[in-house]
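The structure under discussion appears below in the form of structure tokens.
Protein chains: 2
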Amino acid sequence: MSVTAPLGFVAAGVAAGIKANGARDLALVVNEGPSRAAAGVFTRNRVKAAPVLWSQQVLRGGRVKAVVLNSGGANACTGPLGFQDTHATAEKVAEVLGDSAGEIAVCSTGLIGERLPMDKVLSGIELAAGQLSRDGGLPAADAIRTTDTVSKISFRRGEGGYMVGGMAKGAGMLAPGLATMLSVITTDADLPADVLDRTLRQAVEVTFDRVDTDGCMSTNDTVLLLASGATGVVPDLDEFTAKVTEVCADLARQLVMDAEGATKAIAIEVIGAASVRDAVTVGRSVARSNLLKCAIHGEDPNWGRVLAAVGVTDAEFEPDRLNVAINGIWVCRGGAAGDDRSKVDLRPRDVTITIDLSAGPHSATIHTTDLTAEYVHENSAYST
Amino acid sequence: MSVTAPLGFVAAGVAAGIKANGARDLALVVNEGPSRAAAGVFTRNRVKAAPVLWSQQVLRGGRVKAVVLNSGGANACTGPLGFQDTHATAEKVAEVLGDSAGEIAVCSTGLIGERLPMDKVLSGIELAAGQLSRDGGLPAADAIRTTDTVSKISFRRGEGGYMVGGMAKGAGMLAPGLATMLSVITTDADLPADVLDRTLRQAVEVTFDRVDTDGCMSTNDTVLLLASGATGVVPDLDEFTAKVTEVCADLARQLVMDAEGATKAIAIEVIGAASVRDAVTVGRSVARSNLLKCAIHGEDPNWGRVLAAVGVTDAEFEPDRLNVAINGIWVCRGGAAGDDRSKVDLRPRDVTITIDLSAGPHSATIHTTDLTAEYVHENSAYST
Chain E
1 MSVTAPLGFV AAGVAAGIKA NGARDLALVV NEGPSRAAAG VFTRNRVKAA
51 PVLWSQQVLR GGRVKAVVLN SGGANACTGP LGFQDTHATA EKVAEVLGDS
101 AGEIAVCSTG LIGERLPMDK VLSGIELAAG QLSRDGGLPA ADAIRTTDTV
151 SKISFRRGEG GYMVGGMAKG AGMLAPGLAT MLSVITTDAD LPADVLDRTL
201 RQAVEVTFDR VDTDGCMSTN DTVLLLASGA TGVVPDLDEF TAKVTEVCAD
251 LARQLVMDAE GATKAIAIEV IGAASVRDAV TVGRSVARSN LLKCAIHGED
301 PNWGRVLAAV GVTDAEFEPD RLNVAINGIW VCRGGAAGDD RSKVDLRPRD
351 VTITIDLSAG PHSATIHTTD LTAEYVHENS AYST
Chain Z
1 MSVTAPLGFV AAGVAAGIKA NGARDLALVV NEGPSRAAAG VFTRNRVKAA
51 PVLWSQQVLR GGRVKAVVLN SGGANACTGP LGFQDTHATA EKVAEVLGDS
101 AGEIAVCSTG LIGERLPMDK VLSGIELAAG QLSRDGGLPA ADAIRTTDTV
151 SKISFRRGEG GYMVGGMAKG AGMLAPGLAT MLSVITTDAD LPADVLDRTL
201 RQAVEVTFDR VDTDGCMSTN DTVLLLASGA TGVVPDLDEF TAKVTEVCAD
251 LARQLVMDAE GATKAIAIEV IGAASVRDAV TVGRSVARSN LLKCAIHGED
301 PNWGRVLAAV GVTDAEFEPD RLNVAINGIW VCRGGAAGDD RSKVDLRPRD
351 VTITIDLSAG PHSATIHTTD LTAEYVHENS AYST
């Protein structure tokens with residue numbers, strides 16, 4: 001399953017010793033072709049980790065033979081030596097595969113600001129290369145976890161018999177334009193790199209980009225789409241984009257469900273917007289209100305905090321035409337109190353907050369979580 | 001002291017019964033003249049509470065006879081009826097003072113979305129009017145508290161014998177451009193409304209506007225500056241602005257110290273910026289990183305989270321020229337690890353994070369707090 005659901009891919013996940021606790025921490029995903037067309041989307045953070053700088057260069061060529069991913073260290077803010085480490089990592093993968101380092105993508109996740117233990121990374125690559133198999137998708141997904149409590153995997157079958165598979169990690173620092181999130185999506189359809197690139201951007205924009213658990217954007221976010229062409233199927237583009245989007249949406253949903261310390265998965269559904277941009281802006285502002293996220297944690301349908309968060313945006317709306325529903329109860333109508341807030345049932349894990357801007361026909365949904373004492377605890381102690 | 005430190009002002013703070021717990025909840029500050037020049041700065045949130053809409057209109061005239069402030073309810077998102085309540089409140093104050101409602105400012109703070117118990121507000125105004133005195137500054141400062149654990153007051157003596165006094169409240173929702181913050185500043189200097197307006201804007205911009213405890217901007221933020229002219233002193237403008245700024249800075253510092261659930265007062269000092277705007281933008285982005293605020297709570301000098309927050313801004317900088325010091329130890333130099341992070345002592349309550357953008361001569365400091373389980377607790381339970 002996972003990245004090895006499509007034909008033409010093998011993978012492995014091993015314990016290289018990068019993590020102190022002996023858990024799996026290095027994954028290798030190899031495209032056996034015949035095609036190696038690929039596309040990538042990366043963090044918009046201007047402070048980019050070494051593996052992001054490296055992989056952006058690789059993806060410019062539109063071809064990826066293999067992806068090596070490690071948890072246990074982000075290799076971010078590590079200067080020129082950190083970039084050399086990424087380069088050496090790619091060279092090592094190229095060596096064991098008898099290929100070119102220029103077509104090896106590298107992803108890292110973990111603490112920022114510390115060098116990787118390169119002896120362990122390099123021996124881990126040798127170990128992983130020896131374990132590459134069609135069953136390697138699950139161990140690979142396991143190896144990229146940091147504070148993730150579960151592996152995230154997904155796959156969909158497309159018309160004509162091709163597959164799209166994927167894995168992802170990311171539990172904190174999930175925000176605008178990706179997250180501390182790594183994801184590799186694979187397919188055995190046969191499509192050129194420029195088509196994969198358009199498809200991936202469209203899919204990410206409405207899935208991973210609409211997850212915002214804590215407003216923090218990572219230095220390492222990377223989503224890759226690799227095509228082996230092993231089925232020879234050339235799918236209809238809309239259908240293919242729909243399948244890739246489904247896989248991304250499924251993985252994004254799993255990320256939200258597993259967000260650090262969260263007890264609620266909150267969908268902020270903005271409707272009646274003058275534009276999709278307005279809807280996303282409003283959804284993101286509401287998703288970032290610590291006060292609202294605390295209220296939902298306390299199962300308090302505090303719609304005033306929703307309006308306060310809407311009010312700081314530049315979206316088109318009139319304050320006295322705003323309507324807000326929480327789990328289906330319209331607690332705010334026309335900018336003032338609406339139906340009885342005691343009717344709102346906030347006990348379920350899934351919470352939907354609907355905001356009607358009464359300004360147009362557009363809509364968008366942003367996915368976030370509540371803010372909990374456990375989030376504080378996990379992130380107070382992460383590096384110790 | 002507080003707002004009655006300057007001559008020409010009387011005040012009162014009473015328990016009107018708006019708060020269920022019987023604490024003081026209504027304050028009245030009256031300017032006995034001879035001048036009643038005044039200026040105001042209000043929330044930039046587009047969802048504005050009724051008292052903000054009202055007081056903005058009053059301040060357009062540049063004259064304020066009295067300010068009535070209540071805690072226990074924000075009168076925000078209450079529709080046309082809420083605005084009528086504010087109007088009736090001003091009319092009642094005008095009636096008891098034998099003055100015009102058009103020169104009565106109104107401030108409210110508390111829960112959003114619920115109407116005020118107007119019978120209690122109106123009888124409270126009568127009660128307060130009977131207790132107006134030169135000693136009323138402290139009870140007034142007490143009456144405007146919500147989750148504030150202490151009253152916030154300040155005063156400074158100016159050259160030539162005039163005074164500047166002030167009170168403030170605000171413990172959560174402290175953010176961009178003010179906070180759920182109310183503040184009344186008074187002076188017995190003699191200056192016209194347009195001068196007060198310029199002075200207040202300058203003072204607020206570098207004090208209250210640079211406090212950002214949780215990134216949430218309230219619907220009710222109001223800072224008023226009232227001048228009685230009772231000393232007849234016409235101060236030097238720069239000196240006057242400096243005194244008003246000192247009072248605002250002192251009050252802002254007290255707000256940060258008392259922020260909900262905080263255990264650390266964090267100064268984000270941005271230096272080497274290409275512009276003051278860049279410095280403020282970077283400071284605010286860092287102040288809003290939940291991940292960093294959790295790390296500081298855990299006394300973890302996690303400078304990687306500082307760089308991640310700098311990286312999402314559009315400020316002028318090169319990633320490999322960023323330097324970061326935490327409590328004086330330069331843990332990040334040139335965008336990579338610098339001095340040994342184990343040298344950083346994060347045990348004191350006051351924490352200074354210095355960010356050198358290496359891009360110019362400008363600087364600014366943003367004040368914030370750590371993120372704690374207590375913040376989550378207070379804000380999960382606020383309305384219950």
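Keeping their order, the protein sequence lines are chains E and Z.
Using UniProt numbering, read the first sequence as starting at 1 and increasing by one per residue.
Using UniProt numbering, read the second sequence as starting at 1 and increasing by one per residue.
Ideal Cβ positions, reconstructed from N, Cα and C, are used throughout, including at glycine.
Inter-residue spacing [alpha-carbon to alpha-carbon] between R1 of chain E and T187 of chain E: Here residue 1 of chain E is Met; the residue named in the question, Arg, does not match the sequence. When rounded, the distance between both Cα atoms is 12 angstroms.
Contact with chain E by N31 of chain Z, beta-carbon distance below 9 angstroms: no
Within 9 angstroms of chain E by C-beta, residues of the segment 86-112 of chain Z in sequence order: L111, I112
Outcome for N21 of chain Z when other beta-carbon atoms lying within 10 angstroms are tallied against a minimum of 16: exposed
Helix, strand or coil at S123 of chain E [DSSP, three-state]: helix
Beta carbon of D142 of chain Z nearer than 9 angstroms to that of G13 of chain Z: yes
Short Cβ contact (9 angstroms threshold) for G229 of chain Z with G8 of chain Z: yes
Rounded separation between G272 of chain E and F83 of chain Z - CA only: 26 angstroms
Cβ distance (whole Å) where A262 of chain E is taken to contact T372 of chain E below 8 angstroms: 7 angstroms
Amino acids of chain Z, ordered along the chain, whose beta-carbon sits closer than 7 angstroms to that of G72 of chain E: Ordered by position in chain Z, no residue passes the 7 angstroms Cβ test against G72 of chain E, which lies about 14 angstroms from the chain.
Contacts that C332 of chain E makes with chain Z (C-beta to C-beta distance below 9 angstroms): C77, G113
Whole-Å CB distance - G158 of chain Z paired with K48 of chain Z, under 8 angstroms assumed: With 8 angstroms as the limit, G158 of chain Z and K48 of chain Z do not qualify as a contact, their Cβ atoms being about 33 angstroms apart.
Cβ pair count under 8 angstroms reaching 3, the segment 89-108 of chain Z against the segment 47-67 of chain Z: yes
Which of helix, strand or coil DSSP assigns to S100 of chain E: coil
Short CB-CB distance (under 9 angstroms) between S380 of chain Z and chain E: yes
Pairwise C-alpha distance: Q254 of chain Z and G222 of chain Z: What sits at residue 222 of chain Z in the sequence shown is Thr, not Gly. Distance between the alpha carbons of T222 of chain Z and Q254 of chain Z is about 17 angstroms.
At least three beta-carbon pairs within less than 8 angstroms, the segment 362-372 of chain Z to the segment 197-217 of chain Z: yes
Residues near V150 of chain Z by beta carbon distance below 8 angstroms, same chain, minus five either side: Q254, D258
9 angstroms Cβ cutoff, G172 of chain Z in contact with chain E: Bear in mind that the predicted position of G172 of chain Z carries a pLDDT of just 47, short of 50, making it unreliable; the figure below should be weighed with that in mind. Closer than 9 angstroms: yes.
Ordered list of alpha helix (DSSP H) runs contained in the segment 281-365 of chain E, each at least 4 residues: 290-297, 303-311
Proximal residues of chain Z, C-beta to C-beta of M217 of chain E below 8 angstroms: A308, G311, V312
Nearest to L346 of chain Z (by Cα), restricted to the options Z:C294, Z:N379, Z:S285: Z:C294
Interface residues of chain E facing H297 of chain Z [CB-CB closer than 7 angstroms]: V376, S380
Inter-residue CB distance, A11 of chain E and V3 of chain E (contact presumed, cutoff 8 angstroms): 6 angstroms
Residues bridged to V67 of chain Z [DSSP beta-bridge criterion]: Z:V29, Z:A105
Residue of Z:V121, Z:D148, Z:V306, Z:G137 minimising C-alpha distance to G166 of chain Z: Z:G137
Contact with chain Z by P51 of chain E, beta-carbon distance below 9 angstroms: no
Contact with chain E by N323 of chain Z, beta-carbon distance below 9 angstroms: no
Residues sharing a beta bridge with I153 of chain Z, DSSP: Z:M167
Rounded distance between the beta-carbons of A189 of chain E and F240 of chain E, thought under 8 angstroms: 6 angstroms
Residues of its chain near V312 of chain Z, where Cβ-Cβ distance is below 8 angstroms and the 5 sequence neighbours each way are ignored: S285
Contained beta strand (DSSP E) runs [length at least 3] in the segment 194-276 of chain Z, N- to C-terminal order: 222-227, 265-273
A23 of chain E, buried or exposed, once every other Cβ within 10 Å from all chains shown has been counted against 16: exposed
With 16 other Cβ atoms within 10 Å as the buried cut-off, status of residue 385 of chain Z: Outside the displayed span of chain Z (1 to 384) sits residue 385 of chain Z, for which this structure offers no information.
Coarse secondary structure for L371 of chain E, derived from DSSP in three states: coil
D380 of chain Z in three-state terms, based on DSSP: As written in the sequence, residue 380 of chain Z is Ser, which differs from the Asp given in the question. Residue state, collapsed to three classes: helix.
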